[in-house]
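Asker:
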Amino acid sequence: MSDNPETKETLDKSRINIEAPWETNLWCKLLQCTEDELFTAIKSVGNSEKDIRNYLKKKNE
363 MSDNPETKET LDKSRINIEA PWETNLWCKL LQCTEDELFT AIKSVGNSEK DIRNYLKKKN
423 E
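Using my numbering, read the sequence shown as starting at 363 and increasing by one per residue.
(1) Please classify residue 381 as buried or exposed, where buried requires at least 16 neighbouring CB atoms within 10 angstroms.
(2) Whose C-beta lies closer than 7 Å to the C-beta of residue 404 among residues of the same chain, with five residues either side of it excluded?
(3) Helix, strand or coil: which one does DSSP assign to residue 406?
(4) Would you kindly work out how many angstroms separate the C-alpha atoms of residue 401 and residue 376, rounded to a whole number?
(5) Taking DSSP's pairing of strands, which residues face residue 436 in a bridge?
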């Protein structure tokens, strides 16, 4: 996947790819979290968008 926003490949909405900086930035905005929080969530529950969303929700309760 390219890091160039002009040549973005289609976003896989079910998986979060932290190898692409543009995608990391997008997911941080969508999930309203920091990069560190996103990386911690991925280390804890994997890269499934649904699992990460649930993890972050529980952390913020």
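No residue lacks a Cβ here, since even glycine has one placed at the ideal position from N, Cα and C. Predicted model, so just to flag it, every value in this text is computed and none were measured.
Answerer: In this structure, then:
(1) exposed
(2) 378, 380, 414
(3) helix
(4) 16 Å
(5) No information on residue 436 is available, as it lies outside the stretch 363 to 423 that the chain covers here.
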